[in-house]
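Peer 1: Structure below; questions to follow.
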Amino acid sequence: MGLKSFAAKWLARREKSKVELWLKKPQYAQNETLSYLTSVLETTDFGIDHGITSNTNYDQWKTLVPLRDYEALYPYVERILEGELNVLWKGKPAYFCKTSGTTSGAKYIPMSDEGIEAQIKAARSALLLYINETGNSSFIDGKMIFLQGSPKLEKKQGISIGRLSGIVAHHVPGYLQRNRMPSWETNSIEDWEKKVDAIVDETMSQDMRLISGIPPWVQMYFE
Numbered sequence: 005m006g007l008k009s010f011a012a013k014w015l016a017r018r019e020k021s022k023v024e025l026w027l028k029k030p031q032y033a034q035n036e037t038l039s040y041l042t043s044v045l046e047t048t049d050f051g052i053d054h055g056i057t058s059n060t061n062y063d064q065w066k067t068l069v070p071l072r073d074y075e076a077l078y079p080y081v082e083r084i085l086e087g088e089l090n091v092l093w094k095g096k097p098a099y100f101c102k103t104s105g106t107t108s109g110a111k112y113i114p115m116s117d118e119g120i121e122a123q124i125k126a127a128r129s130a131l132l133l134y135i136n137e138t139g140n141s142s143f144i145d146g147k148m149i150f151l152q153g154s155p156k157l158e159k160k161q162g163i164s165i166g167r168l169s170g171i172v173a174h175h176v177p178g179y180l181q182r183n184r185m186p187s188w189e190t191n192s193i194e195d196w197e198k199k200v201d202a203i204v205d206e207t208m209s210q211d212m213r214l215i216s217g218i219p220p221w222v223q224m225y226f227e
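With the working numbering, letter number 28 in the sequence shown gets 32, and the count goes up by one each step, no holes.
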């Protein structure tokens with residue numbers, strides 16, 4: 005067993021203990037999250053427009069903030085794209101996630117530093133809980149393929165724009181950097197079919213133990 009996989013098992017036990025704490029009081033954990041969100045939102049234009057305060061509870065939230073589609077929310081997004089601050093969240097977003105979606109062309113989803121951190125923590129937690137449940141941590145010592153969009157980002161109003169998977173590529177923890185594949189250069193290839201061919205060439209002879217990506221991409225890689 006390598007040093008990384010040994011450490012991963014210890015971290016997995018800690019992660020399991022943390023999860024069990026909030027599992028015992030799920031309503032408390034969710035109320036704490038809501039309280040944090042409302043305390044931030046009350047200082048934003050969105051929060052002010054909807055009458056949100058740090059004391060807004062769940063039932064009030066459901067009334068004050070009705071469900072809506074992207075088009076209904078877009079006026080706020082457009083203001084952020086034009087450089088306004090404190091619109092949907094405090095300050096300006098760290099990134100704009102660009103997605104084609106299923107309707108109405110390209111969509112721009114603001115991503116805060118807190119949002120990115122939460123996604124990284126969630127991925128880390130999922131892996132650690134898998135290790136805790138199965139006892140299998142050996143994949144940590146091998147190579148890992150991350151099938152993702154290009155990490156090259158554009159800029160608009162000082163905010164970086166890219167595909168979510170490409171954005172996340174900038175936040176892979178340092179302890180996984182030496183294990184990750186493909187290379188930055190290969191990951192930056194825009195043409196997807198050429199990119200998959202390059203990834204296959206680069207990884208074919210490696211000790212690959214984990215693959216991550218949306219199912220169609222993973223299927224294409226194996227085919």
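Yeah, the Cβ is synthetic: ideal placement off N, Cα and C, and Gly gets one too.
Predicted model, so just to flag it, every value in this text is computed and none were measured.
Among the residues of its own chain, which have a CB less than 6 Å from the CB of V91, if the five just before and after it don't count?
Peer 2: Taken in chain order, the residues that qualify are D49, Y80, R83 and I84.
Peer 1: Between the Cα of R167 and those of L45, S192 and A127, spot the shortest distance and give me the residue it belongs to.
Peer 2: Of the listed residues, the one whose Cα sits closest to R167 is S192.
Peer 1: Give the single residue among K8, L7, G87 and A16 whose Cα lies nearest to the Cα of N136.
Peer 2: The candidate whose alpha carbon is nearest that of N136 is A16.
Peer 1: Whole angstroms is fine: what's the gap from I56's alpha carbon to I215's?
Peer 2: Answer to the nearest angstrom: the Cα atoms are 42 Å apart.
Peer 1: Report the option in K20, Y225, I218 and I124 whose CA atom is closest to the CA atom of D201.
Peer 2: Among K20, Y225, I218 and I124, the Cα nearest to that of D201 is on Y225.
Peer 1: Give the straight-line distance between the Cα atoms of G153 and K8, rounded to the nearest whole angstrom.
Peer 2: Distance between the alpha carbons of G153 and K8: 27 Å.
Peer 1: Evaluate I149 with the Cβ neighbour count: other Cβ atoms within 10 Å of its Cβ, from every protein chain shown; 16 or more gives buried, anything less gives exposed.
Peer 2: Looking at its Cβ environment, which holds 16 or more other Cβ atoms inside 10 Å, I149 is buried.
Peer 1: Between the Cα of W196 and those of G178, L180, R128 and W221, spot the shortest distance and give me the residue it belongs to.
Peer 2: W196 has its Cα closest to that of W221, out of G178, L180, R128 and W221.
Peer 1: I need the straight-line Cα distance from S47 to E121, nearest angstrom please.
Peer 2: With the sequence shown as reference, residue 47 is identified as Thr, and Ser is not the correct amino acid for it. Cα to Cα, T47 sits roughly 21 Å from E121.
Peer 1: Helix, strand or coil for S164, going by three-state DSSP, please let me know.
Peer 2: In the structure shown, S164 sits in a strand (DSSP, three-state: E or B).
Peer 1: Would T37 count as contacting chain C if we go by Cβ distances under 8 Å?
Peer 2: Given the protein chain composition of this structure (a single chain), no chain C is represented.
Peer 1: Let me make sure I understand the geometry here. Which of A130, G119, V176 and A98 has the alpha-carbon closest to that of E158?
Peer 2: With distances taken between Cα atoms, E158 lies closest to A98.
Peer 1: Specify the secondary structure class of T103 as computed by DSSP and reduced to three states.
Peer 2: If DSSP states are grouped into helix, strand and coil, T103 belongs with the strands.
Peer 1: Can you list, in chain order, the stretches of the beta strand (DSSP E) that have 3 or more residues and sit fully within the segment 137-215?
Peer 2: Within the segment 137-215, the complete beta strand (DSSP E) runs of at least 3 residues are 147-150, 158-160 and 163-166.
Peer 1: Check this for me: beta carbons of G146 and M212, under 8 Å apart or not?
Peer 2: Contact: yes.
Peer 1: State the beta-bridge partners of I113 as determined by DSSP.
Peer 2: According to DSSP, I113 bridges with C101.
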